[in-house]
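Participant: To start, I am sharing the structure in question, which I have written as structure tokens.
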Amino acid sequence: MLFEKLGLGEKTLKAINDCGYTQPTPIQEKAIPLILMSRDVVGLAQTGTGKTASFTLPMIEILSGGRAKARMPRSLILTPTRELAAQIAENFDTYGKYHNLEKALLVGGTSMDKQIQKLDRGVDVLIATPGRLLDLFERGKILLTDIKVFVIDEADRMLDMGFIPDIEKIASILPFSRQTLLFSATMPPVIRKLTEKFLSNPKEVSVTLPSSTAENVEQFLVWTDSKRKMEVLAGIIKQDNVKNAFIFCNRKRDIDGLSKFLFSRGYAAKGLHGDMAQAKRTETFQAFKDSEFDLLICSDVAARGLDVSNMSHVFNFDVPFNAEDYIHRIGRTGRAGKVGRAWTFACKDDVKFVDAVEALIKKKITVQKAGGGKNSFGSVPKTVKAVDNKSKASHSKGQEKSKGQEKKQKTFKACSVKPVKQECKKSGNKPSQGGIQGFGSDIPDFFDN
Ligand code: AMP
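Remember, my numbering sits 22 above the position in the sequence shown when you count from 1.
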């Protein structure tokens, strides 16, 4: 399929061509023609699938025909975070460079006066976080009666962040005749209800199953304890020769501590979280994007939708409390056909969260013990793939190993990551209480390095 077949105009095609894109991604192929036909669309797609362009490209076409009036934006995109808003704005700059569309960002943490001045001049595209938009609306600084296209991006994240009442409020003040597009990586019941309430006969397009994780992401689970977690993480970073990674923490307070720790170990690591000033967040993210440092330690909220490609690794320093965050997190690696690795560190109190993740992704994550082999992760050892999910050790139940499984695990041992069970046998350690196989007193090899 070629972009030319989707119904986009010359100027937009030229901008796409400038980006070097040769063909539309599946979500673009499905969504763009529908949006150009003025249909309401529900798009089930994760970040990394090209979903932002799937709505920005047709919106540029739709909006190219008119002119904005003061304080009356012609389209509205709601996003959960400022970073995501900035990325969407970047998309409009990139794909709309041969059009004369005015856009404005209404996000918290930046000067409201400047935003109001911009609105006064008239904008075609308004990209906003729900709180700031309602704030300005309630002050009478903005009129929403001319909105032709309304986009709710990352709806499931909006739900996690408690934005659904705000979205309902905003949707109910928009003109009835608008076109509405909703994008979400997953479709929990609340979001389903939202689509029924605010979209008119929507067409649903989906590029992944809601609970799927990318096939080309190798997923590993390490049972450890909170005191050792940082050391274990540093060991794997060294072992896998990690060049670029997201490291997710559940708590903001851990982000600074972990970045200091990794920095002290000689790693180029920086933290990103919601308590940082907006300017600092933008600067940090841009520096990461520009490869000025290697490891970005962040919270789910801060990282949501941040578009950085070519990530070799994702680390879940903590098992996410919300199982769906696991899918979002590890979606940062294994993009564009590349193989990526996702490591998750779990402590014994995390059993229920690991169970929830495994139930959602419908498979068990391969339990590994980090070893100190010399093998680097530059190219993923083929043998890693040989350990399939059915044959791996279980963290919750003692499992008999078949001969075939033993053989696979031996091959696996040759490549620097060691199956937990085998290691327990070697050291005489027993799985700890409750059947959890932790490190116990079995010190990982890399501590000796
Ligand atoms: P998104 O899913 O919107 O976060 O997009 C992920 C990345 O895919 C962004 O860096 C886009 O620049 C890139 N992208 C979007 N559409 C295409 C395409 N058709 N071909 C190649 N890359 C694309």
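Beta carbons are placed, not taken as given, at the ideal position from N, Cα and C, and that holds for glycine.
1. Classify residue 74 as helix, strand or coil using the three-state DSSP reduction.
2. What residue range is occupied by the uninterrupted beta strand (DSSP E) comprising residue 169?
3. Is residue 416 helix, strand or coil by DSSP?
4. Under the three-state reduction of DSSP, which class applies to residue 159: helix, strand or coil?
5. Thinking C-alpha only, which one of 78, 386, 363 and 37 is nearest residue 205?
6. Among residues of its own chain, excluding the 5 on either side of residue 228, which ones have a beta-carbon nearer than 6 Å to its beta-carbon?
7. Look at residue 246 and residue 368 and say whether their C-beta atoms are less than 9 Å apart.
8. Rounding to the nearest angstrom, what Cα-Cα distance links residue 137 and residue 35 in this structure?
9. So who's on the other strand from residue 388, going by DSSP bridges?
10. Under three-state DSSP, which class holds residue 30?
11. With respect to 8 Å, is the separation between the Cβ of residue 266 and the closest non-hydrogen atom of the ligand AMP below this value?
12. Looking at residue 267: is its Cβ nearer than 9 Å to the Cβ of residue 298?
13. Quick check on residue 167: buried or exposed, where buried means 16 or more other Cβ atoms within 10 Å of its Cβ?
14. How many angstroms separate the CA atom of residue 208 from the CA atom of residue 346?
15. Using a 10 Å radius around the Cβ and a threshold of 16 neighbouring Cβ atoms, would you call residue 193 buried or exposed?
16. Let me check understanding here. Comparing Cα to Cα, which of 343, 287 and 291 lies closest to residue 277?
17. Evaluate residue 197 with the Cβ neighbour count: other Cβ atoms within 10 Å of its Cβ, from every protein chain shown; 16 or more gives buried, anything less gives exposed.
18. Starting from the C-beta of residue 73, find all residues in its chain whose C-beta is less than 7 Å away, skip the five residues before and the five after it, and write them out in chain order.
19. For residue 380, count neighbouring Cβ atoms within 10 angstroms of its own Cβ and tell me buried if that reaches 16, exposed if not.
20. Of the residues 241, 123 and 23, which one's Cα is nearest the Cα of residue 351?
21. Determine the DSSP secondary structure at residue 56, reduced to helix, strand or coil.
22. Leaving out the 5 sequence neighbours to the left and right, which residues in its chain are closer than 8 Å to residue 212 when beta-carbon positions are compared?
23. Note down the Cα distance separating residue 231 from residue 382, rounded to an integer number of angstroms.
24. Compare the Cα-Cα distances from residue 366 to each of 377, 337, 386 and 372 and report the closest residue.
25. Expressed to the nearest angstrom, what Euclidean distance is found between the alpha-carbon atoms of residue 53 and residue 132?
Facilitator: To lay it out plainly:
1. DSSP places residue 74 within a helical segment (H, G or I) once states are collapsed to three.
2. Counting along the chain, residue 169 falls outside any beta strand (DSSP E), and DSSP gives it neither H nor E.
3. At residue 416 the pLDDT is 36, less than 50, meaning the model places this residue with poor confidence; the figure from the coordinates comes in the next sentence. In this structure, residue 416 counts as coil in the three-state DSSP scheme.
4. helix
5. 78
6. Taking C-beta separations shorter than 6 Å and ignoring five residues to either side along the sequence, the partners of residue 228 in its chain run 66, following chain order.
7. One thing to note: residue 246 has its Cβ within 9 Å of the Cβ of residue 368.
8. 30 Å
9. 242
10. coil
11. False, no ligand heavy atom lies under 8 Å from that Cβ.
12. no
13. Under this definition residue 167 is an exposed residue.
14. 8 Å
15. buried
16. 291
17. exposed
18. 49, 65, 67 and 205
19. buried
20. Selected option, being the one with the closest Cα: 241.
21. helix
22. Counting only Cβ-Cβ distances below 8 Å, and skipping sequence neighbours, we find 181 and 186.
23. In this prediction, residue 231 scores a pLDDT of 44, lower than 50, which makes its location untrustworthy; no coordinate-derived value is stated.
24. Looking only at 377, 337, 386 and 372, the smallest Cα-Cα distance to residue 366 is reached by 337.
25. 32 Å
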